[in-house]
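Chemist:
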Amino acid sequence: MTATPVPGVARAKAATSGSTTRRAGLWQSPAVRRGAVDLAAVSVLLSTGVLAFGPVFGGAVGYTAAAAGALLGLSLAVVSSWRGWTKLGTLLAAIVVYLAFGGPLALPDTTVGGLAPTLETIERLTLLSWQSWRDVLTVPLPAGDFDGPAVLPFLVALVSSTLAAGGVLRVRRRGWVVALTLLPAATFLVAGILWGSHEAPSAALQGALFVLAALGWTSWRSQLGSVDTHVVFLRSATTRRGPRARQTATAGVSLLLAAGLGVGGWLLLAPEPDRHVLRDQIDPPFDPDAYPSPLTKFRYLESDLEDEVLFTVSGLPDGARIRLAAMDVYDGDVYNVTETSAEFARVGSSVEPSEYSEPDAALTDLSFHIEAYDGVWLPGGGDLRRLDATDNLGDVYYNAATGTALATGGLGEGTDYSVQVALAPSYSTEQKADLPSDAQPDQSFPIGPNSATVDAVGAMLPDLQGDAATPMDQLRAIETALRTDGFYADGDPDPSLPGHTSRRIERLLADENGGPMVGDDEQYAVAAALMARDLGLPARVVMGFYPDPEAAATGDEIAITGDDAHVWIEVKFEDLGWVPFDPTPEDDQRPDQQQPEPEKRRDPQVLPPPDIPEDRDPQAPPPADSDVDKDEETGGGIWRLVKIAAIAVGAATVLVGPFALIAARKARRRRRRRTTGRPSDRISGGWAEIVDLATDVGVRVPPPATRFESAVLLQELVPPTTSIPIAHRVDAHVFGAAEPTDVDVETVWTAVDALRTEFRKTASVRDRIRQRFSVRSLLRRPRWLGRGGLSATSGGSR
Amino acid sequence: MSMTPENATWFAQTFTKLTDNIGQALLGKTDVIRLALVCMLAEGHLLLEDAPGTGKTALARAMAATVDGTHSRIQFTPDLLPSDITGITMYDQRTSTWDFHKGPVFASIVLADEINRASPKTQSALLEVMEESRVTVDGVRHDVGRPFMVIATQNPVEQAGTYKLPEAQLDRFLIKASVGYPDRAAARLILAGSANPDRTQQLRAVVASAAVAQMIDLVKENHVDDAVLEYVQQLTEATRDDAETSLGVSTRGSIALVRAARVLAAAQGRNYVTPDDVKALATPVWAHRLVLSPEAEFAGSTPTQVMGRVVSSIPAPQLRGVS
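And the structure:
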């Protein structure tokens, strides 16, 4: 437009906004509306970060901290923009907000009444401002159980929302607004993903929400300040186009968005285990297989340390048992601790009750002083609620399902610690006899697989269980049969092989020389567990300690010796929970000394090594893959290659396909415009082709524009000497008195082709790519331009 | 017989000659000069709404001087009578006959200064001449001649003691425009030449009245495609449907726009009308014909704004019309 007002020249935009402003007040003010839309867009973008940060904390802690941080940041930016604070002032205000609200949100324990921060709050918040990133990665999940990690989502949300909203409200340079807003919001989301866990229930939603919000908002922003409707008055008016910087920024943002789309799509499509989180890099997951099964040490404790005090415990009620570990998987060599039922999680001093805990169980405090015992397995497991150690136990991992605790630092002489546990109910013989026979086993509990079978177990079962019909009766029968028919021997003085390999259990149950059952807790418990599993019952082997009932009443502090180590089995029943069974014969039920022992002659009197295959390290974890897996692997090599090739072809199709499709559609449109319809329509089609070229490159040609006005808009794109004469020529043929001839059509199209060539010669690479592959013209082609065929309707009809 | 490209070229050349000539008297006002010429060649009348001293009279005189025609000026006052405009029949004692003494309206270009100051009766007398191009006094018809154009002016500032032109009469003006103040460069030139304030006296006629009449006849044949007519009709309907207007453009208004567009197209050497011509003239030809609703007026809307919105809401035709 010319600088001086020219009579009769109207700018439609000014016309409409001018009249409505006065009518509807503040909300109709474009600036206020724009700000509101901007802030709404920023809120949606930030909400994806809140969603990303939530799950790792479990419960509402993460969501609350992140959402509160985002809201506070937004408010801070709004106030800062409204009051015109400087950057330094805003920074100071942000620090104040952080210290004031960080306590209630992330460190409620340190505050007064959960609200007012104390000196400790300030101190910890200061420390956590740079330590929380590490804490979130290293604490066991859910991180919400700990005090402190929630500082991270709060802080990141606060900072990124302040920056994003500040960018939108205060940055004046148009092109930068979008970039300076999207960047912090994206950082928030990415931080939420990286600092998150593999569990991401709303990952797809986050990705989609972010991409959609970013796309929608960016395109809305880019519409602002685009060319107003042009009313050319007597051909003396000029036009303008958006500043160059805006276009560059828009292009940059488009690229950013494309990248975001790619990442988002990848996150969407990638199977969940492939989700990459920083947690994996920082803290290698705990592997219980790295530690030998506690059961392998049983014979050592039972015989070598028979009279040594392993540890003293105080606070142990009568008849209670101290658990060391529960094992639920058997591979034919070792009965082992697994993570089948639940993962080993690192714990601090307090342990939240898990889904496996009895909710209202009575808690018992036990204090331990370790003497001769050594190892990583922590006596005093069970339903653990607290663990206070004066000595460094290293990292303590706890499996809530099996009630097994492990201290990586190991226990040794002089270690003191105390635990608070909900002790498993102990049953006297009478109590156990009173248990209902028709109790149903709880099959829902996940138990590790038995990968080895012992033939004798299946063979003996019918004999042992007699006519017992219900699981409870069958277990009682097995327990009684083993206890009464078996003999106890732990190698000293009576010979008995240690270990519980399948061969050893086979020998226990069906001695090839027809000898009686001889063994100790280790063998009997494993045999009973295998039988129970053979019956399809959820059984596991438990190792622990309990004092000799006769010697128990020695006062508060009880000394546990190697002789007090025991192994029993537990079976889970509905309503009853885990019911213990002791299949081991009394230790005075010794094999008959006079009876010749074939084994005795064959085996030397020295303690033989555990009966295990020579090529296997007893302490090594069981091999992960069987031969079957290996076959699959070699056969799977080709399959994998095919899969990779398929994915590559698929990906290429996905990547290139849309571009090819777009190019094809444009070519088809072009062909139809050039060849179909009346000659004047074909000439109009030539101009439509030019308008689409401009549209694709980002010049917005408003539908009310005439050809000449469009040509003026195109001035920046192609030299006006090319486009304006074409517009005139097309107008002459379309609106002239005589219908144009085919020669005229060809002349116009030749000029159109020349213009395209000219454009390609002079345009930047980016513009050329956009011209070929942008979908703008395909999507936004107004009806008045007609379809490729240009139906012979009146030009002006809508 | 439609206009040939050669006719159009000649038309455009003459039009440019006229524009340039008047431009010597009215510096830096090409747009309003072109509007005035379009108005004249479309046989319409021009209403200038402008503050005093912006060059309204200069424009009228320059136009009259350029087309080798006569020029008269009527200063409208509340006591002006219709006969002061049209002329009177007087008894000539020597010849004992009643002679008609032509009023100032008998001129090629009539400048009706401050038309809103005269009583409605007097206003309507002038408007009747404008519509009919003839004066009837005592049953005798007197043609005013060709070209005939009234340039009426209104002072938008002083409203006391004025009679606002009724809408029906506004409709008879083909174009309403304003001259406006000159831009800085033109203003400096005007000031530098202020010793000789009346530049119109230096103008010489470049076109004979007969040639102008020929142009008027010629331009009536300029081709308007059906698509363009359809476009005009859509614009017309849009002004009637607009929420802020209580009265849209009349059929006379639509015809006027097509007439003016024909001239503008020819002025650019085209023997066909394009949507650009329509678009360029829509506001000057139509804005004064719109009657806004009381709410819109209260909200501060102006007819020009409404026209801007209407024009930007209707897509310009791109295809040839179906006849």
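As given, the protein sequences belong to chains A and B, one line each in that order.
Taking numbering that gives the first Met the number 0, the leading residue of the first sequence gets 0, the next gets one more, and so forth.
Taking numbering that gives the first Met the number 0, the leading residue of the second sequence gets 0, the next gets one more, and so forth.
Backbone N, C-alpha and C fix where the C-beta goes; we use that ideal spot for every residue, glycine too.
What separation, rounded to the nearest whole angstrom, lies between the Cα atoms of H222 (chain B) and W686 (chain A)?
Modeler: Rounded to the nearest angstrom, the two C-alpha atoms are 22 Å apart.
Chemist: Under 8 Å by Cβ, that's how I've got F191 (chain A) and A51 (chain A) pegged, so tell me the actual separation to the nearest angstrom.
Modeler: Strictly speaking, residue 191 (chain A) in this sequence is Gly, with Phe absent from that position. G191 (chain A) to A51 (chain A), Cβ: 3 Å. Contact.
Chemist: Identify, in the order they occur along the chain, each residue of the same chain with its Cβ nearer than 6 Å to the Cβ of P568 (chain A), setting aside the five sequence neighbours on each side.
Modeler: Correcting the residue identity first, residue 568 (chain A) is Ile in this sequence and not Pro. Correct list, in chain order: A524, A527, A528, A538, V540, F580.
Chemist: For G102 (chain B), which residues from the same chain have a beta carbon less than 6 Å from its beta carbon, with the 5 sequence-adjacent residues on both sides left out?
Modeler: Excluding residues within five positions, the ones whose Cβ falls inside 6 Å are I84, T85, G86.
Chemist: Do you know offhand how far A209 (chain B)'s Cα is from A281 (chain B)'s?
Modeler: One C-alpha to the other measures close to 29 Å.
Chemist: Could you tell me the distance, in whole angstroms, from the CA atom of R384 (chain A) to the CA atom of P546 (chain A)?
Modeler: In a straight line, the C-alpha of R384 (chain A) is about 23 Å away from that of P546 (chain A).
Chemist: Out of A:L508, A:F544, A:P352, state which residue places its alpha-carbon closest to the alpha-carbon of E305 (chain A).
Modeler: For the residues A:L508, A:F544, A:P352, the minimum Cα distance to E305 (chain A) belongs to A:F544.
Chemist: Just mark A7 (chain B) as buried or exposed, buried being the case when its beta carbon has 16 or more other beta carbons within 10 Å.
Modeler: With 16 or more Cβ atoms within 10 Å of its Cβ, A7 (chain B) is classed as buried.
Chemist: Hey, out of A:I446, A:S773, A:T47, whose CA is closest to E338 (chain A)'s CA?
Modeler: The shortest Cα separation from E338 (chain A) among A:I446, A:S773, A:T47 belongs to A:I446.
Chemist: What are the start and end residues of the alpha helix (DSSP H) that includes I504 (chain A)?
Modeler: Taken as a continuous stretch (DSSP letters only), the alpha helix (DSSP H) holding I504 (chain A) covers 501-508.
Chemist: Using the Cα positions of A67 (chain A) and A59 (chain A), report the straight-line distance between them to the nearest angstrom.
Modeler: Roughly 12 Å between the two C-alpha positions.
Chemist: Report the neighbours of H44 (chain B) on chain A: residues whose CB is nearer than 8 Å to its CB, in chain order.
Modeler: Result: empty, since nearest Cβ-Cβ is about 17 Å, beyond 8 Å.
Chemist: Nearest by alpha-carbon distance to L713 (chain A): which of A:R771, A:R755, A:V747 is it?
Modeler: Residue A:R755 is the option with its Cα nearest to L713 (chain A).
Chemist: Is the segment 456-469 of chain A in contact with the segment 390-406 of chain A, if contact means three or more CB pairs nearer than 8 Å?
Modeler: With the cut-off at 8 Å, the segment 456-469 of chain A and the segment 390-406 of chain A do not touch.
Chemist: Where E351 (chain A) and V189 (chain A) are concerned, what is the direct C-alpha to C-alpha distance, given to the nearest angstrom?
Modeler: For E351 (chain A) and V189 (chain A), the distance between alpha carbons rounds to 29 Å.
Chemist: Can you give me the C-alpha to C-alpha distance between G102 (chain A) and L114 (chain A), rounded to a whole angstrom?
Modeler: Their Cα atoms are separated by approximately 7 Å.
Chemist: Would you give the residue range spanned by the beta strand (DSSP E) that W333 (chain B) belongs to?
Modeler: Because residue 333 (chain B) is not part of the residues shown, which for chain B are 0 to 322, the question remains open.
Chemist: To the nearest angstrom, how far is the alpha carbon of A237 (chain B) from that of S312 (chain B)?
Modeler: If you take the alpha carbons of A237 (chain B) and S312 (chain B), they lie about 8 Å apart.
Chemist: Would W194 (chain A) be called buried (16 or more neighbouring beta carbons within 10 Å of its own) or exposed?
Modeler: The residue in question, W194 (chain A), is buried, as its Cβ has 16 or more Cβ neighbours within 10 Å.
Chemist: With three or more C-beta pairs closer than 8 Å as the rule, is the segment 696-708 of chain A touching the segment 245-256 of chain B?
Modeler: Segments in contact, no.
Chemist: Any beta carbon from chain A within less than 8 Å of A260 (chain B)'s own beta carbon?
Modeler: No, A260 (chain B) lies away from the interface with chain A (no Cβ there is under 8 Å from its Cβ).
Chemist: Smallest Cα separation from R673 (chain A): which of A:V744, A:H732, A:K642?
Modeler: The shortest C-alpha separation from R673 (chain A) is found at A:V744.
Chemist: Could you give the DSSP three-state label for K599 (chain A): helix, strand or coil?
Modeler: Note that K599 (chain A) has pLDDT 42, beneath the 50 cutoff, so the model's placement of it is unreliable and the number below is only indicative. The answer is helix: DSSP assigns K599 (chain A) an H, G or I state.
Chemist: Would you be able to state if there are at least three C-beta pairs under 8 Å between the segment 183-193 of chain B and the segment 141-160 of chain B?
Modeler: Segments in contact, no.
Chemist: For A750 (chain A) and chain B, any beta-carbon pair shorter than 8 Å?
Modeler: No, its Cβ sits nowhere closer than 8 Å to a Cβ of chain B.
Chemist: If you check the beta carbons only, do V310 (chain B) and L289 (chain B) fall under 8 Å apart?
Modeler: Contact flag unset, no.
Chemist: Going along chain B in order, which residues have a C-beta closer than 7 Å to the C-beta of R673 (chain A)?
Modeler: Residues of chain B passing the Cβ test: none, with the nearest at roughly 15 Å.
Chemist: Are A310 (chain A) and I637 (chain A) touching if we call contact CB-CB under 8 Å?
Modeler: Ala is not the amino acid found at residue 310 (chain A); the sequence shown has Phe there. The answer is no: Cβ separation not under 8 Å.
Chemist: Contact criterion: CB-CB distance below 8 Å. Does K120 (chain B) meet it with respect to chain A?
Modeler: Taking Cβ atoms only, chain A never reaches closer than 8 Å to K120 (chain B), which makes this a no.
Chemist: With distances taken between CB atoms, is the gap from V418 (chain A) to L386 (chain A) smaller than 8 Å?
Modeler: Yes, Cβ-Cβ distance for V418 (chain A) and L386 (chain A) is below 8 Å.
Chemist: Output, in chain order, the set of chain B residues within a Cβ distance shorter than 9 Å of D730 (chain A).
Modeler: Here the neighbours are R269, Y271, T273, P274, D275.
Chemist: At the level of alpha carbons, what is the spacing between K599 (chain A) and P494 (chain A)?
Modeler: With a pLDDT of 42 at K599 (chain A), under the threshold of 50, the modelled position of this residue cannot be trusted, and the question is left open.
Chemist: Listing by chain order, which chain B residues have their CB less than 8 Å from the CB of T705 (chain A)?
Modeler: Within chain B, the residues near T705 (chain A) are T273, P274, D275, K278, A315.
Chemist: With distances taken between CB atoms, is the gap from D489 (chain A) to E357 (chain A) smaller than 8 Å?
Modeler: Not in contact: D489 (chain A) and E357 (chain A) (Cβ atoms no closer than 8 Å).
Chemist: Where does Q588 (chain A) sit, in a helix, a strand or coil, going by DSSP?
Modeler: Q588 (chain A) falls in the coil class under three-state DSSP.
Chemist: Could you give the distance in angstroms between the alpha-carbon of Y372 (chain A) and the alpha-carbon of A564 (chain A)?
Modeler: Roughly 11 Å separates the two Cα atoms.
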